[in-house]
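Student: Got a structure for you, questions after.
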Amino acid sequence: MNTIKACLFDLDGVLVDTAVYHFKAWRQLAQTLGIDFTEHDNERLKGVSRVRSLEIILEIGGQTMDQERMLALCEQKNTEYLQDVAKMTPDEILPGVVDFLQALKAEGIKIALGSASKNAQLILERTNLLPYFDAIIDGRHVIHGKPDPEVFLKGAQALEVLPQECVVFEDAVAGVEAAKNGHMLCVGVGQPEVLTQADIVVKDLTEMSVARLHELEQKPRGLGQFLS
Numbered sequence: 003m004n005t006i007k008a009c010l011f012d013l014d015g016v017l018v019d020t021a022v023y024h025f026k027a028w029r030q031l032a033q034t035l036g037i038d039f040t041e042h043d044n045e046r047l048k049g050v051s052r053v054r055s056l057e058i059i060l061e062i063g064g065q066t067m068d069q070e071r072m073l074a075l076c077e078q079k080n081t082e083y084l085q086d087v088a089k090m091t092p093d094e095i096l097p098g099v100v101d102f103l104q105a106l107k108a109e110g111i112k113i114a115l116g117s118a119s120k121n122a123q124l125i126l127e128r129t130n131l132l133p134y135f136d137a138i139i140d141g142r143h144v145i146h147g148k149p150d151p152e153v154f155l156k157g158a159q160a161l162e163v164l165p166q167e168c169v170v171f172e173d174a175v176a177g178v179e180a181a182k183n184g185h186m187l188c189v190g191v192g193q194p195e196v197l198t199q200a201d202i203v204v205k206d207l208t209e210m211s212v213a214r215l216h217e218l219e220q221k222p223r224g225l226g227q228f229l230s
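Just so we're aligned: the sequence shown equals residues 3 to 230 in the working numbering.
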């Protein structure tokens with residue numbers, strides 16, 4: 003009997019790659035603050051909230067500021083980012099995504115998005131991916147960022163499945179930890195040496211199939227050992 007009933011996907015780096023737009027907007031903001039922000043620094047921002055991203059940039063620059071100004075700067079960054087997102091097309095969907103989503107639909111496996119992005123729905127609309135999703139849980143619906151499992155637990159709840167019946171697809175360490183903290187299986191998308199806690203790691207979704215998904219069913223679920 004198949005025990006996997008749902009797949010929960012992170013957005014950036016799994017379905018589409020908006021990292022270049024995030025980096026461009028954050029670097030521009032950092033420059034206005036006199037902070038040198040590199041692509042290496044940008045790796046630390048993967049999978050975390052907008053406010054936490056700015057906190058990391060301020061840490062890099064050895065600066066502090068009050069919450070009100072931080073929120074204003076986050077909105078400024080988001081405005082810059084949205085100008086690029088508004089121009090996105092289906093050509094920016096990552097390899098294998100559409101074929102895999104179609105295969106999941108054909109198999110009757112439920113699909114949800116679990117992303118820190120507050121712009122997730124807009125991106126799904128721009129790339130024509132929205133019809134594949136049964137539920138969208140994003141930064142507007144959660145209080146706690148990854149590695150807290152809230153976003154994925156709410157996704158499971160919205161799909162009316164148990165956490166143990168879910169497989170999460172993530173490209174960030176914090177996201178993999180969130181999946182494990184939620185007692186879910188996790189497929190890492192990226193580099194095995196980075197996503198060490200994932201149950202399996204693929205370079206992209208061209209390496210996934212429904213058959214390979216069900217091969218995960220015998221693996222133990224996470225025990226919440228990463229939650230701090």
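Glycine included, every Cβ here is placed at the ideal spot set by N, Cα and C.
For ALA160, which residues in the same chain have their Cβ closer than 8 angstroms to its Cβ, ignoring the five residues on either side in sequence?
Tutor: ALA114, ASP136, ALA137, ILE139
Student: Going by beta-carbon coordinates alone, are PRO222 and GLY177 separated by less than 9 angstroms?
Tutor: no
Student: Cα-Cα, which of PRO97, MET90, LYS112, THR198 is closest to ALA122?
Tutor: MET90
Student: If the criterion is Cβ atoms closer than 9 angstroms, does the pair ILE6 and LEU215 meet it?
Tutor: yes
Student: Please state the DSSP three-state secondary structure of GLY147.
Tutor: coil
Student: Using 8 angstroms for Cβ pairs, my map puts THR208 next to PRO97. What's the rounded Cβ distance?
Tutor: 5 angstroms
Student: Return the CA-CA distance between LEU106 and LYS112, expressed in angstroms with no decimal places.
Tutor: 7 angstroms
Student: Distance, Cα to Cα, LEU31 vs PRO92?
Tutor: 28 angstroms
Student: From LEU124 to ALA88, what does the alpha carbon distance come to, in whole angstroms?
Tutor: 8 angstroms
Student: Looking at the secondary structure, which residues open and close the alpha helix (DSSP H) in which GLU57 lies?
Tutor: 52-63
Student: Nearest CA to the CA of VAL22: which residue from GLY190, GLN193, GLU61, GLU82?
Tutor: GLU82
Student: Less than 6 angstroms between C-beta atoms, sequence neighbours within five positions excluded: which residues of the same chain meet that for VAL50?
Tutor: GLY147
Student: Hey, VAL170 and VAL189: beta-carbon distance below 9 angstroms or not?
Tutor: yes
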